[in-house]
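These notes concern the structure reproduced below.
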Amino acid sequence: MVRPERPSHTLKIISANVRGLRTNIGDLTHNCVLRHSADVVLVTETWLNNEVEPTFGKIRGYTQWNRRDRPERAGGGVAVCFKEGVQAQHLEVVPPPHMEVMFFRVLLADRSAILLCAMYRPPRQGPASLQYLTGALDDLMLEHRCRHVFVVGDLNHHLEQHAYESLLTVQVLTDHIDIGVARDETTSRTVWLWDKADWASLRRDLSHTAWGTLLRDGAENMSRALTSRLLALQRRHVPHRDYTTKPTDQPLFGYRCRVDAEAKYSAWLRFKRNPTRRNKDLHRAACRRMRRALRLVDAADPPDPPDPPAQFEPVSPLDSLEHRRDVAALVVFHKAQVQGVPHLAGLRQPPRVTTRSTRTVLTSGDAVEVPRSCASQHQRTFVGRVSRMWNIFTAAVPHIQEMNTQSVKLAANRCRVLKPTPLRLVIL
């Protein structure tokens, strides 16, 4: 949100609800912040606490994260960082204790200032946070000599629409996020029972229709008349029912699934009230009909077509434990080597020094030096083994530097399937 008057200098702001900064800092850094060269980065639901060091997750070329963690329980949290060169001051504003909000004064190129409000409002918090902003923004702008105000974050405003509209009206703000919020609504449609249609009567009425009188006065009128006649005959001779979908229904949970599910539930209640042999058989029959309906749903929803040859498809979930460990190790090593995740810096290895060899070996510009250790339980043993796997992996898979975490995971699965012989642990 911003006041209608635009400042003379445009800020590029990235706002993301990361739902865990520790697990998503790599993707956030490489796929969003560095790619778009943001001036201000704001994240909500960081899920951090005071046990996480203040220097965690620092992005190269940006300041440390200014954080407001949720002290009393897990979840929530707001963090903001700025590109080096952006003149921003963290304002010491004491909001109500339940609010997760921070205020900054950002200086623009024309020496004017904006008030940046970074805020996360949990869905069940109520309107108190929005009401606080309604009464406090004017005082903060006057106290810190700011001409404009930005309110950025996740306000969950669709749950408190009245308080949100009051904030926009009182502060003369404009909502620039034109993304609608999905709401669950019931929908109705007509189910036609074609197997019970009276086809003989339908053919008789069609043959007795005066088509010459009906179809005249231009192509558009003729098409309308034909459509109306066919729909009227369909409604007369084909049994039908009005079917209302519930918001909780899953995709492809259609009329037949609804009928079978309700019949199964009714049979279960009847058997629970009166556990006779007959009611038990009726419940089993209802379960069989429900399974048959689910098989029809599966048949109507075929699996997605295979990916192009350039993509790597995931393997069967019945892979060995060693296979899954190797894939996880390669993904972690990619985060350490390519994405530069700070808390994995201890696993980072220097690039392999180019040497001349008389053998034909797998080489890659992303290969690393393989450390050696004589202790079987030492971390360097793990790093050494994964470094060998990484060198083989980078030689087989191009463009490692351009891949995100999910692509590396799929490629590692594929590479591990094509090379089923495990890499044995060699202690040197």
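Position 99 (the sequence shown) corresponds to 99 in UniProt numbering; numbering is contiguous. Here a beta-carbon is modelled for each residue, glycine too, at the ideal position from N, C-alpha and C.
- Looking at the DSSP output, Ile14 shares a beta bridge with Val41.
- For His148, the uninterrupted beta strand (DSSP E) segment begins and ends at His148 to Asp154.
- Taking a contact as a CB-CB distance under 8 Å, the pair His237 and Leu215 does not count as one, their CB atoms being some 21 Å apart.
- Cβ-Cβ distances below 7 Å link Gly153 to Ser15, Leu42, Thr44, Val78, Ala118, Met119 and Tyr120 in the same chain, with the five nearest sequence neighbours on each side left out; the list follows chain order.
- Under a 10 Å Cβ-count criterion, Arg67 is classified as buried, with 16 or more other Cβ atoms of the shown protein chains found around its own Cβ.
- In this structure, Ala336 keeps its C-beta atom at 8 Å or more from the C-beta atom of Leu330.
- Residue range Asn66 to Arg68 is occupied by the beta strand (DSSP E) that includes Asn66.
- CA-CA distance, Tyr265 to Leu321, rounds to 40 Å.
- DSSP places Lys272 within a helical segment (H, G or I) once states are collapsed to three.
- Residue environment analysis places Thr394 among the buried positions, since at least 16 neighbouring C-beta atoms fall within 10 angstroms of its C-beta.
- DSSP places Val172 in the coil class of the three-state scheme, outside both helix and strand.
- Distances from the alpha-carbon of Asp110 to those of Val86, Val93 and Pro97 put Val86 closest.
- Of the residues Asp69, Asp195, Glu92 and Val149, the one whose Cα lies closest to the Cα of Thr174 is Val149.
- Between the C-alpha atoms of Pro123 and Asn156 there is a straight-line separation of about 6 Å.
- Take His144, set aside five residues on each side of it, and the residues of its chain with a beta-carbon closer than 6 Å to its own are Arg105, in chain order.
- For His323, the enclosing alpha helix (DSSP H) has its first and last residue at Leu321 to His334.
- Glu165 counts as exposed, since fewer than 16 other C-beta atoms from the protein chains shown sit within 10 angstroms of its C-beta.
- Rounded to the nearest whole angstrom, the C-alpha separation of Pro71 and Ala286 is 51 Å.
- The C-beta distance from Pro127 to Glu92 rounds to 25 Å, too long to meet the 8 Å contact threshold.
- Per DSSP, the unbroken beta strand (DSSP E) holding His90 starts and ends at Gln87 to Leu91.
- Across the set Gly340, His98, Leu130 and Val327, the C-alpha of His98 shows the shortest separation from the C-alpha of Arg73.
- Looking at the DSSP output, Ala411 shares a beta bridge with no other residue.
- In terms of Cβ geometry, Leu193 and His162 do not form a close pair [threshold 8 Å].
- Comparing alpha-carbon positions, the option among Ala232, Leu233, Gln234 and Cys257 lying closest to Thr244 turns out to be Cys257.
- A straight-line Cα-Cα distance of about 11 Å links Leu133 and Phe103.
- Under the rule that a run must span 3 or more residues, the beta strand (DSSP E) segments found entirely inside the region 89–147 read 100–107 and 113–120.
- By the 16-neighbour rule on beta-carbons within 10 angstroms, Gln171 is buried.
- Cβ atoms of Ala293 and Asp260 come within 8 Å of each other, at about 5 Å.
- By the 16-neighbour rule on beta-carbons within 10 angstroms, Ala267 is buried.
- Here Leu230 is exposed. Its C-beta has fewer than 16 other C-beta atoms within 10 Å.
- Per the coordinates, the alpha-carbon of Gly61 lies some 6 Å from the alpha-carbon of Lys83.
- In this model, Gln349 and Ile392 are separated by some 15 Å (Cα to Cα).
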